[in-house]
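**Student:**
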Amino acid sequence: MSFEIAHIALIGVVYIATLFFVAFASSKGWLPSHWMRHPLVYVLSLGVSLSAWTYYGIVDLARQYGYGVLAYYLGTGGMFLFAPVALEPLARLCQRYQLTSPADLLVFRYHSRLAGTLSTLFMLLALLPLIALQIQAVSETLALLSQDSVAALALPESGVTSKNLIAFLYCVLLTVFTSMYGTTRDRHAGLVSAMALESVVKVVALLAVGAYAIYGVFGGFGELDKWLAHNSDMQQLLYTPIQQGSSHTLLLVFIATAVAMPHIFYLSVAERPTAQTLRHASWGFPLFLLLMALPIFPIMWAGFALGVSEPVQYFALAVPRTSDSALLTILAFIGGLSAATGALVMMTLALSTMVMNQWLLPGTRWHSEDNMYRQLVWLRRSLVGALFLAGFGFYLLLGNRLSLSDLALLAFIASLQFLPGIFAVIHWSRGNRRGFIGGLVAGMLIWAGGLLLPSIFGINSITLPGTELRLPLGMSIWTQVTTLSLALNVLLFVGLSLLTRSSSLEQYAADLCSDDTLAQALRLELDVESAADFRLRLAESLGAATATQEVNRALRQLNLPDDERRPYALRQLRNKLEANLSGLLGRVLAGQIIDRHFPFKDSGQPANKDIHLIETRLSRYKNQLTGLAAELNNLRLYHRQMLEELPLAACSLGRDGEILLWNYAMADLTGIAAGEVLGSKLEYLAEPWRTLLTEFAKSTDASRFKQQVSIDGNSHWLNLHKTRRKKRGRGGRARSERGDAQMLLLEDITETQILEQELIHSERLASVGRLAAGVAHEVGNPVTGIACLAQNLQFESDSPAVRDTADQILSQTQRISRIVHSLVNFSHSGSHDSVGERAPVDLHACVQEAVQLLSLQRDKAQVTFDNAVPEDLMAPGDNQRLIQVFINLLSNARDVSADGGHIRIDGCVEGGAVKISVTDDGPGIPPEHRDRILEPFFTTKEPGEGTGLGLAMVYSIVEEHGGQLELVSPANPETGRGAKFVVHLPMQERAQEETPEPG
187 MSFEIAHIAL
197 IGVVYIATLF
207 FVAFASSKGW
217 LPSHWMRHPL
227 VYVLSLGVSL
237 SAWTYYGIVD
247 LARQYGYGVL
257 AYYLGTGGMF
267 LFAPVALEPL
277 ARLCQRYQLT
287 SPADLLVFRY
297 HSRLAGTLST
307 LFMLLALLPL
317 IALQIQAVSE
327 TLALLSQDSV
337 AALALPESGV
347 TSKNLIAFLY
357 CVLLTVFTSM
367 YGTTRDRHAG
377 LVSAMALESV
387 VKVVALLAVG
397 AYAIYGVFGG
407 FGELDKWLAH
417 NSDMQQLLYT
427 PIQQGSSHTL
437 LLVFIATAVA
447 MPHIFYLSVA
457 ERPTAQTLRH
467 ASWGFPLFLL
477 LMALPIFPIM
487 WAGFALGVSE
497 PVQYFALAVP
507 RTSDSALLTI
517 LAFIGGLSAA
527 TGALVMMTLA
537 LSTMVMNQWL
547 LPGTRWHSED
557 NMYRQLVWLR
567 RSLVGALFLA
577 GFGFYLLLGN
587 RLSLSDLALL
597 AFIASLQFLP
607 GIFAVIHWSR
617 GNRRGFIGGL
627 VAGMLIWAGG
637 LLLPSIFGIN
647 SITLPGTELR
657 LPLGMSIWTQ
667 VTTLSLALNV
677 LLFVGLSLLT
687 RSSSLEQYAA
697 DLCSDDTLAQ
707 ALRLELDVES
717 AADFRLRLAE
727 SLGAATATQE
737 VNRALRQLNL
747 PDDERRPYAL
757 RQLRNKLEAN
767 LSGLLGRVLA
777 GQIIDRHFPF
787 KDSGQPANKD
797 IHLIETRLSR
807 YKNQLTGLAA
817 ELNNLRLYHR
827 QMLEELPLAA
837 CSLGRDGEIL
847 LWNYAMADLT
857 GIAAGEVLGS
867 KLEYLAEPWR
877 TLLTEFAKST
887 DASRFKQQVS
897 IDGNSHWLNL
907 HKTRRKKRGR
917 GGRARSERGD
927 AQMLLLEDIT
937 ETQILEQELI
947 HSERLASVGR
957 LAAGVAHEVG
967 NPVTGIACLA
977 QNLQFESDSP
987 AVRDTADQIL
997 SQTQRISRIV
1007 HSLVNFSHSG
1017 SHDSVGERAP
1027 VDLHACVQEA
1037 VQLLSLQRDK
1047 AQVTFDNAVP
1057 EDLMAPGDNQ
1067 RLIQVFINLL
1077 SNARDVSADG
1087 GHIRIDGCVE
1097 GGAVKISVTD
1107 DGPGIPPEHR
1117 DRILEPFFTT
1127 KEPGEGTGLG
1137 LAMVYSIVEE
1147 HGGQLELVSP
1157 ANPETGRGAK
1167 FVVHLPMQER
1177 AQEETPEPG
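Printed below as a string of structure tokens:
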């Protein structure tokens, strides 16, 4: 069956346009996002690793190695089957630091630009045969389908064959597609969707061809068994293959493809797969490989049974051609075209990124204010075109001398040389750049001399100088070359790494890559003060517009404010910027830019561990900790919880003053949440905490007592304690602490201070009482004498004027006696037992005595007190303490009233309780003060005029009497002025029942 070349070409163009449309629709968001994020799409996109060789050439490999061909599926699938161990650590590392290629990974791990340069060169040499393989497969299968019309495309006079012209046009078409939908940062999702579709097409096509081979050619599995029984050589081929190569070597070669090939590395490791997605891939991708492997042997047997004349490597297309079914034949061709197209697109994109990041960008300085993103896109597009041109040139250079299997093995053996270096990234921290570069160069030289150059120039053997011995070369001895190159590679890598010392930067990078260590979590101080500094400095290399865009993007990703100043947050911002720029410019250039503009300060002291980073990672991996590690983590969590819930306010500081701990009590005391201050410094706190804590932290005092601070207008007293920065060794000499051991403790003693002041006040009143008793005794005797003399004068004199004078003298002496008696009684208030027996109290008399005491203060505002309490209103209680209640209430009312003001005291019985209200005509109590008016030491008076204890004492005394204190403000709703305090006292004393104990 033959087709017109124009028809086949049109079908191919339509299919590639379909991939183009899927990529475009995905990047524009036309397809549901949950479809794009589905793990199945990721698993299918990994199928791009199964190129045209897996579709066509693997049938020829099955002929040569029998069951040994399954090593490809076992090797590649095995890496994903053990993804949680083999790939997940690499994926986490690449996500954290935006490493998009094996070269970026190796540069990061070995901290060597030369490692990246050589890796890119050798990877380019390794992938050229694989690129040529795809081009060769498409051109030959297209020519195979259009044998009758393809000859018309040849240009004999210029030496251009029809296959070469087809290959060139195919490369041009893919260059356009790849450049448009793979070179920008925001279209990778569309590309992944297109690769997923490509995988679906080729697996469906290959299964369809396999089904035709079984049922169309043999008539079912039963007839296939009979055919195999009659053709024992086919069965023998499975166990005794033509090529006696080692299956173990094949397995080792194919294992390397999963992590060393840049296009597979990008999708399996660098395309930010989540741990859950990788776990789906750990069984999903091996299942996909199984589906691709099932038809291989039936297709091979069908080709031999039909006696097709085409090469074995094209049986996947030749077998359906014999069916006379155009649909099946076209489907088989589209499957092969799909496999080649997906692989070519991803390989050129991965290589262009490596070449740009490792060769071109490190020497580029961005000084213009042009859009850097646009320049990078056009640079990558130019590289894609150049790589397609290089692949086409390599295809012409080989001239179809090698089979698809030989081309694939040539590429895979080269990629195997990267396996030791990639393995050591996670699993061997002793490896260094000298060992890696030495081993890689040795292995690649053997590969190039033993396989690549002989394949290019058609050399099968060489004669050793001075002897007649001929040394075989080329693909016929690929197993020996593979074993020798890898052995020398590993030997030099291990030997040089052990014999040479790693630099501090190499060791730091190795710690960063080690999945089970936290030694890299160092807290270094940056030479920047705010996020604005990042924009300003980054603009020197990227331009103002690009710098602003990148910094804002990093801030959004970290959920940080635009005015962020905390050192810990700025370190996070630096790391995120470096990661983002690595994805944009490559690890080398991004590292140079970040290190140049945002260096760490050299404090001259060893850096301390970054506690925040350590705890973040421990929290992230806590479910993976087992045994002793899990127990230690639980112990850490226990001590952390103890510190967080400590009733004392605690704050831990690093040597550089960075806040490492801010517990719940500290947050409650200061009103500052831990998330706002962790990672910052004391200098960034609001007053009064900045001055209080900074001065104490810098002082040599171990403790400071009764430090008074004002919090929301209220006075608080604190005791401050801290640990010392230095300890004494056994020899008496001071030794510096390596850790962050300074802890500040704040003890809120406000309540204790209030109690002390109340005690002092009570003691003062007791002293006044004793003084008043003495004064009363000393004053009482003369007053008594004066009263006696006045009485004698009153009775002995007949003069009305004298008697009137005597009456006035008696009246004044009685007033003196009442005043002295009131002072003595008031000074003794509070000395009575609050739970003792209480007598009925005349509330009118209590109010009147309080009024008389306040009237003695002539320096206060002169107001009118209106005692409207009924004279027969009684309540059980302590007479002197109730007088104290009314004195405080009336005193406060007088203080807020103007001269000539009016204060009314009312009383009544309501609901079984006595109500006494004190109402003033002052401005009232503002709403913001009402909830705090009863708090000790809260006062709205000027300093020195009030202690803030009066109303607190009133509340305490009323509560002791089983009553309640009520505030009504404003007292006059019409004018919005005045305040009214209402005292509720029970009519009868509450009985205190005691349950007798059984005797």
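In this text, residue positions in the sequence shown follow my numbering: the first is 187, and each later residue adds one.
Even glycine gets a Cβ: it sits at the ideal position worked out from N, Cα and C.
What are the partner residues of ILE1102, as DSSP defines its beta bridges?
**Tutor:** For ILE1102, which the question treats as bridged, DSSP gives the partners GLY1093, VAL1169.
**Student:** By the three-class DSSP mapping on this structure, what secondary structure does ALA1054 have?
**Tutor:** Three-state DSSP puts ALA1054 in a strand.
**Student:** Just to confirm, are PHE679 and GLY635 a CB contact at a threshold of 8 Å?
**Tutor:** No.
**Student:** Using the C-alpha atoms, what's the distance from ALA755 back to ASP719?
**Tutor:** Their backbone Cα atoms lie some 13 Å apart in a straight line.
**Student:** Can GLY1149 and ASN1078 be called in contact, C-beta distance under 8 Å?
**Tutor:** No. Outside cutoff.
**Student:** Starting from ARG282, follow the alpha helix (DSSP H) in both directions and report where the run begins and ends.
**Tutor:** 274-283 is the span of the alpha helix (DSSP H), which, as asked, contains ARG282.
**Student:** Within a Cβ cutoff of 6 Å, which residues of the same chain sit near GLU764, ignoring the five residues on either side of it in sequence?
**Tutor:** Contacts found: ALA776, ILE780.
**Student:** Output the boundary residues of the alpha helix (DSSP H) element that contains ASP290.
**Tutor:** It spans 288-296 - the alpha helix (DSSP H) in which ASP290 sits, taken as one unbroken run.
**Student:** May I ask you to list the residues that DSSP assigns as paired with ARG890?
**Tutor:** ARG890 pairs with LEU906.
**Student:** Which residues mark the beginning and the end of the alpha helix (DSSP H) in which MET532 is found?
**Tutor:** 512-541 is the extent of the alpha helix (DSSP H) around MET532.
**Student:** So LEU437 and LEU260 are supposed to be a Cβ contact under 8 Å. How far apart are they, rounded?
**Tutor:** At roughly 6 Å, the Cβ-Cβ gap stays under 8 Å, so LEU437 and LEU260 are in contact.
**Student:** In whole angstroms, give me the CA-to-CA distance for LEU1040 and GLN894.
**Tutor:** Their Cα atoms are separated by approximately 33 Å.
**Student:** Spatial neighbours of TYR581 within its chain, please: C-beta separation below 7 Å, excluding the five flanking residues on both sides.
**Tutor:** Once the five neighbours on either side are set aside, the close Cβ partners of TYR581 are ALA318, ILE321, GLN322, ALA353.
**Student:** Along the alpha helix (DSSP H) that carries TRP487, what are the first and last residues, could you check?
**Tutor:** Run containing TRP487: 482-492, per the alpha helix (DSSP H) assignment.
**Student:** Are the beta-carbon atoms of ASP249 and MET486 separated by less than 8 Å?
**Tutor:** Here residue 249 turns out to be Arg, not Asp, going by the sequence shown. Yes, the Cβ-Cβ distance between ARG249 and MET486 is below 8 Å.
**Student:** If I measure Cβ to Cβ from ILE599 and keep anything under 8 Å in the same chain, skipping five residues before and after, which residues do I get?
**Tutor:** Result list for ILE599: VAL439, TRP633, LEU637, TRP664, VAL667, THR668, SER671, in chain order.
**Student:** Assuming the contact rule is C-beta atoms closer than 8 Å, GLN743 and LYS762 should be a hit. Round their C-beta distance to whole Å, please.
**Tutor:** Indeed they touch by this definition, with Cβ atoms about 6 Å apart.
**Student:** Can you tell me the Cα-Cα spacing of LYS1101 and VAL1095, whole angstroms?
**Tutor:** If you take the alpha carbons of LYS1101 and VAL1095, they lie about 6 Å apart.
**Student:** Rounding to the nearest angstrom, what Cα-Cα distance links GLY971 and SER1083 in this structure?
**Tutor:** Near 41 Å, if we compare the C-alpha coordinates of SER1083 and GLY971.
**Student:** According to DSSP, is LEU453 part of a helix, a strand, or is it coil?
**Tutor:** Of the three classes helix, strand and coil, the one that applies to LEU453 here is helix, per DSSP.
**Student:** Just curious, the beta strand (DSSP E) that LEU1153 is in, first and last residue?
**Tutor:** Looking at the DSSP string, the run of the beta strand (DSSP E) that includes LEU1153 is 1150-1154.
**Student:** Between the alpha carbons of ASN1065 and GLU1152, how many angstroms are there, rounded?
**Tutor:** Between ASN1065 and GLU1152, the C-alpha separation is close to 21 Å.
**Student:** What are the start and end residues of the beta strand (DSSP E) that includes ASP1028?
**Tutor:** Counting along the chain, the beta strand (DSSP E) containing ASP1028 begins and ends at 1025-1028.
**Student:** Whole angstroms is fine: what's the gap from ARG687's alpha carbon to TRP614's?
**Tutor:** Whole-angstrom Cα-Cα distance: 14 Å.
**Student:** Would you kindly report the start and end of the unbroken alpha helix (DSSP H) that includes ILE623?
**Tutor:** Here the alpha helix (DSSP H) through ILE623 covers 619-633.
**Student:** From which residue to which residue does the beta strand (DSSP E) around TRP848 run?
**Tutor:** Counting along the chain, the beta strand (DSSP E) containing TRP848 begins and ends at 845-848.
**Student:** Which residue comes first and which comes last in the beta strand (DSSP E) that contains PRO1113?
**Tutor:** PRO1113 -> not in any beta strand (DSSP E); alpha helix (DSSP H) instead, spanning 1113-1116.
**Student:** What does the alpha-carbon distance come out to for the pair LEU1029 and ASP934?
**Tutor:** Roughly 40 Å between the two C-alpha positions.
**Student:** Just the C-alpha distance for MET542 and GLY772, rounded to the nearest angstrom, thanks.
**Tutor:** Going by the C-alpha atoms only, they are around 8 Å apart.
**Student:** Starting from MET447, follow the beta strand (DSSP E) in both directions and report where the run begins and ends.
**Tutor:** Neither: MET447 is in no beta strand (DSSP E) and is coded neither H nor E.
**Student:** Counting beta carbon pairs with one atom in the stretch 531-542 and one in the stretch 565-577, are three or more of them shorter than 8 Å?
**Tutor:** Contact holds: three or more Cβ-Cβ distances are below 8 Å.
**Student:** Are ASN675 and ALA628 touching if we call contact CB-CB under 8 Å?
**Tutor:** Contact flag set, yes.
**Student:** Are the CB atoms of ALA502 and SER237 nearer to each other than 8 Å?
**Tutor:** Going by C-beta atoms, ALA502 is not nearer than 8 Å to SER237.
**Student:** Would you check if there are 3 or more beta carbon pairs closer than 8 Å linking the stretch 590-608 to the stretch 279-293?
**Tutor:** The stretch 590-608, when compared against the stretch 279-293, does touch it at the 8 Å Cβ threshold.
**Student:** Please report the distance separating the alpha-carbon of LYS349 from that of ALA329.
**Tutor:** Cα-Cα distance, rounded: 7 Å.
**Student:** Kindly indicate which three-state DSSP category ILE1119 falls into: helix, strand or coil?
**Tutor:** Coil at ILE1119, not helix or strand.
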